[in-house]
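In order, the protein sequences belong to chains R, F and V. Sequential numbering of the first sequence, starting at 0, is according to numbering that gives the first Met the number 0. Sequential numbering of the second sequence, starting at 0, is according to numbering that gives the first Met the number 0. Sequential numbering of the third sequence, starting at 0, is according to numbering that gives the first Met the number 0. Think of the CB as a built atom: it goes at the ideal place given N, C-alpha and C, for glycine as much as any other residue. This report refers to the structure that appears directly beneath it.
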Amino acid sequence: MSLPTYTASELATRFGLGLRGPDRTVDGVGTLADAGPAQLAFLANPRYRNQLANTRAGVVVVRADDAEGVAGTALIARDPYVAFARIAALFERKPSHAPGIHPTAFVDPAAIVDPAASIGPHASIGARSRVHAGAVIGPGCVIGEDCEVGEDCELQARVTLLTRVRLGKRVRILPGAVLGAAGFGLAMDAGHWINVPQLGGVVIGDDCEIGANTTIDRGALGDTVLEEDVRLDNQIQIGHNVHIGAHTAMAGCSAVAGSARIGRYCLIGGGAGILGHLEVCDRVVVTAMSLVTHAIRQPGEYSSGTPLMDNRSWRKSAARFKQLDRIARRSPDGGKDYE
Amino acid sequence: MSLPTYTASELATRFGLGLRGPDRTVDGVGTLADAGPAQLAFLANPRYRNQLANTRAGVVVVRADDAEGVAGTALIARDPYVAFARIAALFERKPSHAPGIHPTAFVDPAAIVDPAASIGPHASIGARSRVHAGAVIGPGCVIGEDCEVGEDCELQARVTLLTRVRLGKRVRILPGAVLGAAGFGLAMDAGHWINVPQLGGVVIGDDCEIGANTTIDRGALGDTVLEEDVRLDNQIQIGHNVHIGAHTAMAGCSAVAGSARIGRYCLIGGGAGILGHLEVCDRVVVTAMSLVTHAIRQPGEYSSGTPLMDNRSWRKSAARFKQLDRIARRSPDGGKDYE
Amino acid sequence: MSLPTYTASELATRFGLGLRGPDRTVDGVGTLADAGPAQLAFLANPRYRNQLANTRAGVVVVRADDAEGVAGTALIARDPYVAFARIAALFERKPSHAPGIHPTAFVDPAAIVDPAASIGPHASIGARSRVHAGAVIGPGCVIGEDCEVGEDCELQARVTLLTRVRLGKRVRILPGAVLGAAGFGLAMDAGHWINVPQLGGVVIGDDCEIGANTTIDRGALGDTVLEEDVRLDNQIQIGHNVHIGAHTAMAGCSAVAGSARIGRYCLIGGGAGILGHLEVCDRVVVTAMSLVTHAIRQPGEYSSGTPLMDNRSWRKSAARFKQLDRIARRSPDGGKDYE
Numbered sequence: 000m001s002l003p004t005y006t007a008s009e010l011a012t013r014f015g016l017g018l019r020g021p022d023r024t025v026d027g028v029g030t031l032a033d034a035g036p037a038q039l040a041f042l043a044n045p046r047y048r049n050q051l052a053n054t055r056a057g058v059v060v061v062r063a064d065d066a067e068g069v070a071g072t073a074l075i076a077r078d079p080y081v082a083f084a085r086i087a088a089l090f091e092r093k094p095s096h097a098p099g100i101h102p103t104a105f106v107d108p109a110a111i112v113d114p115a116a117s118i119g120p121h122a123s124i125g126a127r128s129r130v131h132a133g134a135v136i137g138p139g140c141v142i143g144e145d146c147e148v149g150e151d152c153e154l155q156a157r158v159t160l161l162t163r164v165r166l167g168k169r170v171r172i173l174p175g176a177v178l179g180a181a182g183f184g185l186a187m188d189a190g191h192w193i194n195v196p197q198l199g200g201v202v203i204g205d206d207c208e209i210g211a212n213t214t215i216d217r218g219a220l221g222d223t224v225l226e227e228d229v230r231l232d233n234q235i236q237i238g239h240n241v242h243i244g245a246h247t248a249m250a251g252c253s254a255v256a257g258s259a260r261i262g263r264y265c266l267i268g269g270g271a272g273i274l275g276h277l278e279v280c281d282r283v284v285v286t287a288m289s290l291v292t293h294a295i296r297q298p299g300e301y302s303s304g305t306p307l308m309d310n311r312s313w314r315k316s317a318a319r320f321k322q323l324d325r326i327a328r329r330s331p332d333g334g335k336d337y338e
Numbered sequence: 000m001s002l003p004t005y006t007a008s009e010l011a012t013r014f015g016l017g018l019r020g021p022d023r024t025v026d027g028v029g030t031l032a033d034a035g036p037a038q039l040a041f042l043a044n045p046r047y048r049n050q051l052a053n054t055r056a057g058v059v060v061v062r063a064d065d066a067e068g069v070a071g072t073a074l075i076a077r078d079p080y081v082a083f084a085r086i087a088a089l090f091e092r093k094p095s096h097a098p099g100i101h102p103t104a105f106v107d108p109a110a111i112v113d114p115a116a117s118i119g120p121h122a123s124i125g126a127r128s129r130v131h132a133g134a135v136i137g138p139g140c141v142i143g144e145d146c147e148v149g150e151d152c153e154l155q156a157r158v159t160l161l162t163r164v165r166l167g168k169r170v171r172i173l174p175g176a177v178l179g180a181a182g183f184g185l186a187m188d189a190g191h192w193i194n195v196p197q198l199g200g201v202v203i204g205d206d207c208e209i210g211a212n213t214t215i216d217r218g219a220l221g222d223t224v225l226e227e228d229v230r231l232d233n234q235i236q237i238g239h240n241v242h243i244g245a246h247t248a249m250a251g252c253s254a255v256a257g258s259a260r261i262g263r264y265c266l267i268g269g270g271a272g273i274l275g276h277l278e279v280c281d282r283v284v285v286t287a288m289s290l291v292t293h294a295i296r297q298p299g300e301y302s303s304g305t306p307l308m309d310n311r312s313w314r315k316s317a318a319r320f321k322q323l324d325r326i327a328r329r330s331p332d333g334g335k336d337y338e
Numbered sequence: 000m001s002l003p004t005y006t007a008s009e010l011a012t013r014f015g016l017g018l019r020g021p022d023r024t025v026d027g028v029g030t031l032a033d034a035g036p037a038q039l040a041f042l043a044n045p046r047y048r049n050q051l052a053n054t055r056a057g058v059v060v061v062r063a064d065d066a067e068g069v070a071g072t073a074l075i076a077r078d079p080y081v082a083f084a085r086i087a088a089l090f091e092r093k094p095s096h097a098p099g100i101h102p103t104a105f106v107d108p109a110a111i112v113d114p115a116a117s118i119g120p121h122a123s124i125g126a127r128s129r130v131h132a133g134a135v136i137g138p139g140c141v142i143g144e145d146c147e148v149g150e151d152c153e154l155q156a157r158v159t160l161l162t163r164v165r166l167g168k169r170v171r172i173l174p175g176a177v178l179g180a181a182g183f184g185l186a187m188d189a190g191h192w193i194n195v196p197q198l199g200g201v202v203i204g205d206d207c208e209i210g211a212n213t214t215i216d217r218g219a220l221g222d223t224v225l226e227e228d229v230r231l232d233n234q235i236q237i238g239h240n241v242h243i244g245a246h247t248a249m250a251g252c253s254a255v256a257g258s259a260r261i262g263r264y265c266l267i268g269g270g271a272g273i274l275g276h277l278e279v280c281d282r283v284v285v286t287a288m289s290l291v292t293h294a295i296r297q298p299g300e301y302s303s304g305t306p307l308m309d310n311r312s313w314r315k316s317a318a319r320f321k322q323l324d325r326i327a328r329r330s331p332d333g334g335k336d337y338e
């Protein structure tokens, strides 16, 4: 299978970019440090600007300001990272998925699978579930009962949609993710836990992406909801009845407890936690491993935690942290006017 | 399939509740905010008491104190959340599992599966493992060698019991969980790691529940043990030889390192960590994302971490945290009497 | 199947250990507290030294200093834990894997599987992937396209290698791990996210071990790399283009963000996080749940966080943490000379 090639001028026309320098043909993409003369690279992060002088890349996508510094051919973009992403997609080799049901798959007689969907090896589809045209259900996926997979969704491998999960269009789910398992609803009765039935479902909007081994519980009453274009990285936990606004992105290992409501265009850092029954407004940034313990009503950046220190110094600060109230009270004003 | 209906008086009799107001028929449950006249709602958390005046729910389960505020029919319970959980279970549509072995499943000739167990599509059962009556092994589950699945257990989908895992009765395991993989036992030998064989197993008591993508390692020598009615949420990690007491509940993404011993009726918050070889006594509450670094010998609530702040203010506090020992020493008494 | 037995003198010869006391036969291993007269135990951690007097173990592996305290037979080792690990391996019952392809497995016609590899039930192998001799692909594993599994690798169960994953020799991967899924590369374009193609792969060196439900993303440009003998525990997240040096070990639930570079012989504690685009040098120890926010250029131990406190005291310290800058400024020198 031969690789595709493109000329710089073709790319300029196709993506509305400026062109500076001689036209050239490229057959792939790379970093400024690694790309060769037949490859295209990009400069978006200013910290890599010093690599521009020495790159061997045949074509470089840059902002107008940086075009001067390109020895070879420059493609000029308002946002070089976006332009690069679109160009790189031309060189992506996507797995091919023939429509139809693999002979090792199992489809319940009460399920409906569109003939233009692809059901992979060892996948199973449960009763009253429906898979629409263009959807790909990869190897080892399990779709339980009463689920719906929208057009052109891609469940890559070993994904589970357990119960009452409805996916919009073009949702991409990475391996090992589990959607629609029961939320963690417990009541203590005479010294034993009893389960509170989880009668709701999960609703995922168009163009969402769910990372590998991420879990999204179904609602107790009503649904757990991701609006359109929400992006979840790997190993994220979303509790029952959480609602996440459109275009919010969460990094790996973050978690949202039950019934929290996150706004639109938020960025949640890796390992961050959001307690249950809270509201976080639009355009909030939470830094990595911070814990959100109260509602956030103003856009902006929020943090908790302490800085990294060598262990010996950290032990001293940590010991003093325990004494903080007493230290404050010993200060000249008795610690009173800080409140 | 028609939905079941119940009258308020039937429910009162069945669950030992008080009844106030006219009898009514309900065909489902909902929240105070969303339920309609043919549905039943509940009030347990006082923060939702103001919704009582405007609810359209036909029947509301409340404590005696709140019965006055119910415009329609009230069912009076000592614990409305428990009563609601029991009532809601009447409306839960459970997937049906016919007994028998699905034709796509694989059962090793040296395994024993009770004829009244259900083995789903693409499941496999290894040598010397045993599945008892009423157990459900869902699609894509893998049971390795020398495991035992007790009566009426439910492994929902894509669960792995790798080696020497013994489940009591009515254990429910959500998709993607892995029990019985080797614990993280390493020894450094001449600059290379060698594995310390993990010769023990995992023992799970009756009525435990294990969340989606949770992992429980098998013991190195002896077993990793969960006593009865332990409840683990999603993405929890339990190291080798951990022992967790009965009725303890752990929220999502928490973790317990090897050989720690957790008491009974503990509540471990989301993302919390417990270091290895520690003892935590009964009835301890650990708040979300706290790290337990020493034994806990008194029941009560424990925490670590710092509060959420706007990032600009947080940076100032964080910088001062590094100076804490010096700040304390500058206080009028030289920081000495805090020790 | 009868258990193997060994005499103390055989073990001494085989592993180069000293022998003190009468020769004895053992048929298994155990802890000092639990082992019986036909079992072998060990003492490595001095905190268990007091168990030496009362152990019933027939043979105990100890350092020379502790040999005096052994009532029965002592095997004397420079590193008793290493010696014990090697001896215990003699008693480990490993699952047997017959070479060949299980009839329920699916192998793409364009994949190459060595006749001396074992492909388990419900496994699938995609186009242009290759499995070498002695490799074991356990039940429910999914190998996608363009992957390579080296000699004597073991993918235990339900492991996914999605795309362009190359494993060296003797790599062991525990159930539920996902390697080679797309990294979290996003660009915001006119209010919507677009995916940045993830064109690289994952390269895993010889003798690495990957824990249950751990995820390792493939590189965006270039590869995500683990050098030889890296040991990852369960539920770890490794972002795209991360590079981890040989012999580094990471405990459960830790995470490394994209393009970070970790040195050799590092020990990363449970739940610790390392931000993206950072370098951590060789022989760094990061304690549990610490967050690495800047490059580390000196070997040593690093920490962040605050100590565990009872919740009432913690609330006071936490409130004061918010006031720390003001407290410092009130100190006699105005907080100026700490900078």
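- Of all residues in the region 216-233 of chain V, only D216, A219, L220 and G221 place a beta-carbon less than 9 Å from a beta-carbon of chain R.
- By the rule that beta-carbons nearer than 8 Å mark a contact, F:M288 touches chain R.
- With contacts defined as CB atoms closer than 8 Å, R:G244 and R:G218 fail to qualify as a contacting pair.
- DSSP, reduced to helix, strand and coil, places F:E227 outside both helices and strands of the structure shown, so it counts as coil.
- The Cβ atoms of F:T305 and R:G304 lie closer than 8 Å to each other.
- For the pair R:P138 and F:D309, the Cα-to-Cα distance works out to about 45 Å.
- With its beta carbon less than 8 Å from one in chain F, R:N212 belongs to the interface.
- Using beta-carbon distances, R:M308 counts as an interface residue toward chain V, with a partner under 8 Å.
- When Cβ-Cβ separations below 8 Å define contact, V:V106 makes no contact with chain F.
- From the beta-carbon of R:F90, the residues of chain V found nearer than 8 Å are P196 and L198.
- V:G143 and V:E150 have their C-alpha atoms spaced approximately 18 Å apart.
- Residue state for R:Y264 is assigned as coil, using DSSP reduced to three classes.
- With 16 or more other Cβ atoms inside 10 Å of its own Cβ, V:Q322 counts as buried.
- Scanning its chain for C-beta atoms nearer than 8 Å, with the 5 sequence neighbours on each side dropped, one finds around F:A176 the residues V158, T159, I209, G210, A211, N212, T213, T214 and I215, in chain order.
- Taking F:I273 as the centre and dropping the five residues before and after it, the same chain places the C-beta of V255, A259 and V291 closer than 6 Å to its C-beta, in chain order.
- Boundaries of the beta strand (DSSP E) harbouring V:N194: H191 to N194, taken from the DSSP string.
- For F:R319, the C-beta contacts it makes with chain V under 7 Å involve L323, D324 and A327, in order along the chain.
- At a cut-off of 8 Å, the C-beta of F:W313 has a neighbouring C-beta in chain R.
- Cβ neighbours of R:G68 within its own chain (closer than 8 Å, five residues either side excluded): R48, L51, A52 and V61.
- Per DSSP, reduced to three states, the secondary structure at F:D65 is helical.
- V:L18 and V:D78 have their C-alpha atoms spaced approximately 14 Å apart.
- Closest by C-alpha distance to F:L225, out of F:V283, F:A318, F:A181 and F:T247, is F:T247.
- Interface annotation, V:Y80: in contact with chain F, CB-CB separation under 8 Å.
- At the C-beta level, R:G204 and R:G238 stay beyond 8 Å of one another.
- For F:A186, at least one C-beta of chain V is nearer than 8 Å to its own C-beta.
- For R:A32, the closest of R:R13, R:R46 and R:T54 by C-alpha to C-alpha distance is R:T54.
- Between R:L154 and R:G179, the C-beta gap is not smaller than 8 Å, which leaves the two residues out of contact.
- Within the region 241-294 of chain V, no complete alpha helix (DSSP H) segment of 4 residues or longer occurs.
- Residue pairing by DSSP places V:A87 opposite no residue, since no beta bridge is assigned to it.
- Contacts with chain F (Cβ-Cβ distance below 7 Å) from the region 263-282 of chain R involve G272 and L274, listed in chain order.
- Under DSSP, R:V60 shares a beta bridge with R:F41 and R:L74.
- For the region 100-130 of chain F, the beta-carbon criterion of a distance under 9 Å to any beta-carbon of chain R is satisfied by H101, P102, T103, G119, P120 and H121.
- Using a 10 angstroms sphere on the CB of R:H276, the tally of other CB atoms stays under 16, which defines it as exposed.
- F:P120 places its beta carbon less than 8 Å from that of R:S123.
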